[in-house]
Each structure stands twice: as structure tokens, then as C-alpha cells.
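One structure is given below, encoded as C-alpha cells.
There are 2 protein chains.
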Amino acid sequence: MAIDHLDGRLIVLLAREPRIGVLEASRRLGVARGTVQARLDRLQSNGVIRGFGPDVDPAALGYPVTAFATLEIKQGQGAVVRAHLDGVPEVLELHTTTGHGDMLCRLVARSNADLQRVIDRVVGFDGIVRASTAIVMENPVPLRIIPLVEQAAEDTG
Amino acid sequence: MAIDHLDGRLIVLLAREPRIGVLEASRRLGVARGTVQARLDRLQSNGVIRGFGPDVDPAALGYPVTAFATLEIKQGQGAVVRAHLDGVPEVLELHTTTGHGDMLCRLVARSNADLQRVIDRVVGFDGIVRASTAIVMENPVPLRIIPLVEQAAEDTG
DNA sequence: CGATTCGCTGAACACATTGACCAGTGATTG
DNA sequence: CAATCACTGGTCAATGTGTTCAGCGAATCG
Numbered sequence: 001m002a003i004d005h006l007d008g009r010l011i012v013l014l015a016r017e018p019r020i021g022v023l024e025a026s027r028r029l030g031v032a033r034g035t036v037q038a039r040l041d042r043l044q045s046n047g048v049i050r051g052f053g054p055d056v057d058p059a060a061l062g063y064p065v066t067a068f069a070t071l072e073i074k075q076g077q078g079a080v081v082r083a084h085l086d087g088v089p090e091v092l093e094l095h096t097t098t099g100h101g102d103m104l105c106r107l108v109a110r111s112n113a114d115l116q117r118v119i120d121r122v123v124g125f126d127g128i129v130r131a132s133t134a135i136v137m138e139n140p141v142p143l144r145i146i147p148l149v150e151q152a153a154e155d156t157g
Numbered sequence: 001m002a003i004d005h006l007d008g009r010l011i012v013l014l015a016r017e018p019r020i021g022v023l024e025a026s027r028r029l030g031v032a033r034g035t036v037q038a039r040l041d042r043l044q045s046n047g048v049i050r051g052f053g054p055d056v057d058p059a060a061l062g063y064p065v066t067a068f069a070t071l072e073i074k075q076g077q078g079a080v081v082r083a084h085l086d087g088v089p090e091v092l093e094l095h096t097t098t099g100h101g102d103m104l105c106r107l108v109a110r111s112n113a114d115l116q117r118v119i120d121r122v123v124g125f126d127g128i129v130r131a132s133t134a135i136v137m138e139n140p141v142p143l144r145i146i147p148l149v150e151q152a153a154e155d156t157g
């Protein structure tokens, strides 16, 4: 769906200051409260805003090490590998990608030593032929959405 | 920091039903409201919960294509490359990783054709020697935190 | 062209929630 | 033993929420 400029400002505002409510948002944006409520309802039912879940930092939970693993999967074993990885809590994310029938997953671990355990658990599975892991050292751009929202809003006017 | 079982239940509850407030959460968890408030304050000041920002779906915004690009950086050009990528809205995330002085970034685009434009913009920069891109086809495990929170809570008892 | 629909405004209302307190209690610690 | 700590269960005033309403301007459509 397309979002307009007001939608964009609303999302950015909520992203920057999540604690403000509908009423305060309407004051900041200079529109009526009902407008903000209607926009929010629409954005949520359109799926643009999935929700307002807590943003949990794995590092603060005791998992400061992040890594990305590229997996090569044995022909026809995709489904079972997915189920396997789904059962590993340290797998935060899993994608299937173009290329060699590969998968890419994001892992966290308690330490570099612990990462070995996690990788063993992830890779020690029959359907996985080969794996290569890249350990994250820095995160210059943390997961973000604001610039994209601003661009999407400007495309409308 | 370590979280206990109540912290874990609270985070999971908020992740599943973000709209409930402190009062409702205290009812669900069977504890006093003040307890939930104190736990939440502590989790936030410890950085375990970074905030409650809106969870925006790029696909619903008109960017249904996701890709991961691995970049090889020219010696000593890391800082300028970061600044360059930081200025590209379609770059949702950027990590530096072990290996060949490489970076890994997550991209989104409006279409496969648009992805070409995004990649050109990302890669068409002097400090970048080589790039390889993997387009995401499926996302069997979307970014998640609940299993990890449950594990972290159980480690405490 | 006229009628209708749509989104926004500004206001009202009852109700629930919040943030801030407080004293009491049980467990743990020094 | 005394002190500390987290939790309970309660109160209070202030605020925000969900909902509804009539009015209004712009855009759409027959």
C-alpha cells in the first residue's frame, strides 16, 4: 500500500518516541485525535504496522555475539532443515535465498566459545551439506526503518 | 543482565499481545501492578527492552524484495563506505564481519528490477571492491526473540 | 451539474488506566 | 538481630482511551 506524508510523519514520530499516545501524537502532528486514530487503524489493518512489540536486545539478555551462517542444503531436505532450525532458540531469523539452494540465518551466542556450540547444533544435522559463518564485529547501521518510511512517504507527495 | 522467570513471562506476554497495558499484564501474570511496573522499568533501564516502537513491514510499504549483499571493502575505506551506505534508505542494516574485511548488509527494493538500481547505488562507490548478492525467496523464520527470551529466563530457574 | 461519499475537525461522554504514593509483610543478608 | 529488598494491595488525582456526534470541504460519479 502507499502511505502519504501524514502517515510517514506518524510512523516516524512513533518510532522515535514510542511512549507517546494517540492524543500526544495528534498534538505533535497538528491534526485531530480521530485522524491519528483512523490512520493508525488503517496502517495496522493494512499490515504496514505489524504491532508494537517490545524491542529486545539480545546482547543485554546475555547473547552479545551475532553471526550469519550460510547453509548449503541437501536436495529435498529444505523442509526438515527449516523445522530443525526453527527449534533452535539462537536462530533469530532464517531466509532461503537464490543461489545454490542456500539458506541464510542469523545466530546469537553467549560468547565466541558458545557460538561454536550453537553452530554445531545448527550444522550438525543431516540435511545440511556445508556451512560458512561470518561473525559480526560491528553494527554500523542497526536495523532501521525510518529512512525507508520517509522515502515511501515522499514518493506520494 | 540475567532475567528471571517473571521477566521472561512478561516479555513474552508483551511480545504476543503488545496492546495490553501494565494493569492487564499484572492480571495475566498474577502479580501486583507495581511489580510489573518495577520490572518493566528495570528491563528498560537495563537495555533489555529498548523500546516499543512500531514494527513496520517493508513489504507492505511497497518494498517486497529483500536481499543480502556481501561487500568487500578497499583497505582503509571502511568509514566512508559506512557513511555511504548509511545514506541509502534501502539499506536496512549493516554489519562488519570477520573474514576478508567484509561487510554484510540487508537491502530491500520495490521489485527485482528495482533491486538492480539499489545494488548499483550501493555498490557504485569507490571503496567497494566486490559485491555478491543473495536474493531472499522465503522467510521461514521471521526475526524473532521469544524463544531466546524463554531460554534466557529458564537458565535462571 | 447535483448528489454522494470520503476524510478531517472539534467536541462530548463514560470509563479505564496511569503514575505516584503508602503501610504492611516475608525473605534474605550482613 | 537489624536492615534491606521485593512484592502486595490499597488509595488518590490526572490523564488518556474508545466511542459517538454533527459539521465541513474536497473529490468522485452518474
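Here the protein sequences come in this chain order: F and R.
Counting from 1, one number per residue, gives the positions in the first sequence under the UniProt record's numbering.
Counting from 1, one number per residue, gives the positions in the second sequence under the UniProt record's numbering.
The C-beta atom is built at its ideal place from N, Cα and C for all residues, glycine as well.
Since we're looking at a predicted model, the values are computed, not measured.
| field | Contacting residues, own chain, Cβ-Cβ under 7 Å from R:Leu-104 (five flanking each side not counted) | value | Taking the second sequence and counting its residues from 1, the one referred to as residue 104 of chain R is at position 104. A distance below 7 Å between beta-carbons, with the five flanking residues on each side excluded, links R:Leu-104 to the following residues of its chain, in chain order: Phe-68, Thr-70, His-95 and Thr-97.
| So is R:Arg-9 buried or exposed if we call it buried at 16+ other beta carbons inside 10 Å? | By 1-based counting over the second sequence, the position of residue 9 of chain R is 9. Answer is buried; the Cβ neighbour count reaches 16.
| message | Based on DSSP bridge pairs, tell me the residues matched to R:His-95. | response | For the purposes of this step, residue 95 of chain R is identified with residue 95 of the second sequence, where counting begins at 1. R:Leu-104, per the DSSP bridge assignment.
| query | For F:Gly-21 versus R:Asp-55, is the C-beta spacing smaller than 7 Å? | reply | On the first sequence, residue 21 of chain F is found 21 positions in, with the first residue counted as 1. On the second sequence, residue 55 of chain R is found 55 positions in, with the first residue counted as 1. Contact flag unset, no.
| task | Closer than 8 Å by C-beta to R:Glu-93: which residues in its own chain qualify, once you throw out the five before and the five after it? Chain order, please. | result | Here residue 93 of chain R refers to the residue found at position 93 when the second sequence is read from its first residue. Only Cys-105 and Arg-106 meet the Cβ criterion.
| task | Quickly, what does DSSP pair R:Arg-130 with across the bridge? List them, please. | result | Here residue 130 of chain R corresponds to residue number 130 of the second sequence, with the count starting at 1. DSSP output for R:Arg-130 lists R:Glu-72 as bridge partner(s).
| Which chain R residues sit within Cβ distance under 9 Å of F:Thr-96? | Within the first sequence, numbered from 1, the residue matching residue 96 of chain F stands at position 96. Under the 9 Å cutoff, chain R gives Val-136, Met-137, Glu-138, Asn-139 and Pro-140.
| query | Got a sec: is the Cβ-Cβ distance from R:Asp-55 to anything in chain F below 7 Å? | reply | The count along the second sequence starts at 1 and reaches residue 55 of chain R at position 55. Yes, contact with chain F.
| field | Span of the beta strand (DSSP E), counted from its first residue to its last, around R:Gly-51 | value | Your numbering for residue 51 of chain R matches position 51 in the second sequence. If you look at R:Gly-51, you'll find it in the beta strand (DSSP E) that goes 49-51.
| field | Residues near R:Val-91 in its chain [Cβ-Cβ closer than 8 Å; skip 5 each side] | value | The residue you call residue 91 of chain R lines up with position 91 of the second sequence. Only Leu-85, Cys-105, Arg-106, Leu-107 and Val-122 meet the Cβ criterion.
| field | F:Gln-75 versus R:Arg-130: straight-line alpha-carbon distance, rounded | value | Reading the first sequence from its first residue, position 75 is the one you call residue 75 of chain F. Reading the second sequence from its first residue, position 130 is the one you call residue 130 of chain R. So the alpha carbons of these two residues sit roughly 29 Å apart.
| F:Arg-33 beta carbon less than 7 Å from that of F:Ser-26 | One-based indexing of the first sequence puts residue 26 of chain F at position 26. One-based indexing of the first sequence puts residue 33 of chain F at position 33. Going by C-beta atoms, F:Ser-26 is nearer than 7 Å to F:Arg-33.
| message | Run through chain R and tell me which residues come within less than 7 Å of F:Pro-64, C-beta to C-beta. | response | If you number the first sequence from 1, residue 64 of chain F lands on position 64. Under the 7 Å cutoff, chain R gives no residues; its nearest Cβ is about 12 Å from F:Pro-64.
| task | Use the C-beta contact count for R:Leu-43: other C-beta atoms within 10 angstroms, 16 or more gives buried, fewer gives exposed. | result | Counted from its first residue, the second sequence places residue 43 of chain R at position 43. Looking at its Cβ environment, which holds 16 or more other Cβ atoms inside 10 Å, R:Leu-43 is buried.
| Where does F:Leu-143 land, buried or exposed, given buried means 16+ other C-beta within 10 angstroms? | Indexing the first sequence from 1 puts residue 143 of chain F at position 143. It is exposed - the Cβ of F:Leu-143 has fewer than 16 other Cβ atoms within 10 Å.
| field | Alpha carbon of R:Leu-115 to alpha carbon of F:Ile-146, nearest angstrom | value | As a first step, residue 115 of chain R must be located in the second sequence, where it is residue number 115. As a first step, residue 146 of chain F must be located in the first sequence, where it is residue number 146. Between R:Leu-115 and F:Ile-146, the C-alpha separation is close to 19 Å.
| query | From R:Ile-119, R:Leu-23, R:Gly-99 and R:Ala-60, pick the residue whose C-alpha is nearest to that of F:Val-149; which is it? | reply | If you number the first sequence from 1, residue 149 of chain F lands on position 149. When only C-alpha atoms are compared, the closest one is R:Ala-60.
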